[in-house]
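**Q** Below are the structure tokens for one structure; questions will follow.
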Ligand SMILES: Nc1ncnc2c1ncn2[C@@H]1O[C@H](COP(=O)(O)OP(=O)(O)O)[C@@H](O)[C@H]1O
Ligand SMILES: [Mg+2]
């Protein structure tokens, strides 16, 4: 839980870490994710109190060192952090924007995530409610869980795209092809294992997506996210497949000759 506070007239955020709970729900999700090989969706352990505060403070340090725009830690207690204000909620901005504004915001967010990934960073839950916008820069918040406890970096980066796609899909119900194009462009620059894993996971979820389409508004958003991300990761995945077949055939990448 985070609440806005004022320190010498400046807005800041006081984040409290309650005791860990949700063990049953997380256990169930973990079981499903393992059973269906959805590694990127395995839930990291949800800790509470001082442990959660420690994880968030460490992750904020790491991300800052990687050049990512995250809040400075300006104070702390046993189970609380005081964080610099990094801007308005990205979710609120998306809700208030028109279609063109939405596309600009989403493109900026995709750029910020892609750039962070190129620097070796990962987020965990880059949903619009865990991102901020100050008119120029996308900020990232909420790091009390660390996906690297249960997956590798490639899977964690694939998870970021799945989370982000899911978070913004509801703003693109009428224009899924626009979101697909924005994501596909980012996928061209992403590491191959990341794209391949996002493609695999969304592939395994296709049947679920068909069911979800009939399951109310949030079900529909999840279904659209699965379909859009699967399509957006297709080109990179197919290209990877073609290259591997090409290489396996004779150990040479003939295709590369076409580009030289
Ligand atoms: N540093 C910050 N700058 C701007 N808004 C923030 C900041 N920290 C928290 N918030 C606001 O508080 C909300 C909850 O904070 P978050 O860190 O996501 O905690 P929770 O674990 O409760 O989701 C966010 O969605 C955001 O609106
Ligand atoms: Mg949050």
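In the working numbering, the protein residues as written are 1 to 260. Think of the CB as a built atom: it goes at the ideal place given N, C-alpha and C, for glycine as much as any other residue.
Looking at C-beta atoms only, is the number of pairs between the stretch 141-148 and the stretch 50-64 that lie closer than 8 angstroms three or more?
**A** Using a Cβ-Cβ distance cut-off of 8 angstroms, the stretch 141-148 and the stretch 50-64 are in contact, since at least three pairs of beta carbons, one from each stretch, lie closer than that value.
**Q** Under 6 angstroms from any heavy atom of ligand 2, does the C-beta of residue 142 make it?
**A** yes
**Q** Do residue 226 and residue 209 come within 7 angstroms of each other at the CB atom, strictly closer than that value?
**A** Pairing residue 209 with residue 226 gives a Cβ-Cβ distance under 7 angstroms.
**Q** Is residue 131 close to ligand 1? I mean its beta-carbon at under 6 angstroms from any heavy atom of the ligand.
**A** No, Cβ of residue 131 sits at least 6 angstroms from all heavy atoms of ligand 1.
**Q** Hey, could you find the ends of the beta strand (DSSP E) residue 12 is sitting in?
**A** Residues 10-16.
**Q** Nearest CA to the CA of residue 135: which residue from 205, 207, 102?
**A** 102
**Q** Keeping to the same chain, check which residues put their C-beta closer than 8 angstroms to that of residue 69; ignore five residues upstream and five downstream.
**A** 86, 112, 137, 138, 139, 140
**Q** Our contact map puts residue 173 next to residue 224 with C-beta atoms below 8 angstroms; I'd like the distance itself, whole angstroms only.
**A** 6 angstroms
**Q** Since residue 169 contacts residue 133 with CB under 8 angstroms, what's their CB separation in whole angstroms?
**A** No, residue 169 and residue 133 are not in contact; Cβ-Cβ is about 19 angstroms, not under 8 angstroms.
**Q** Given that a residue counts as buried once 16 or more other Cβ atoms are within 10 Å of its Cβ, and exposed if not, what is residue 215?
**A** exposed
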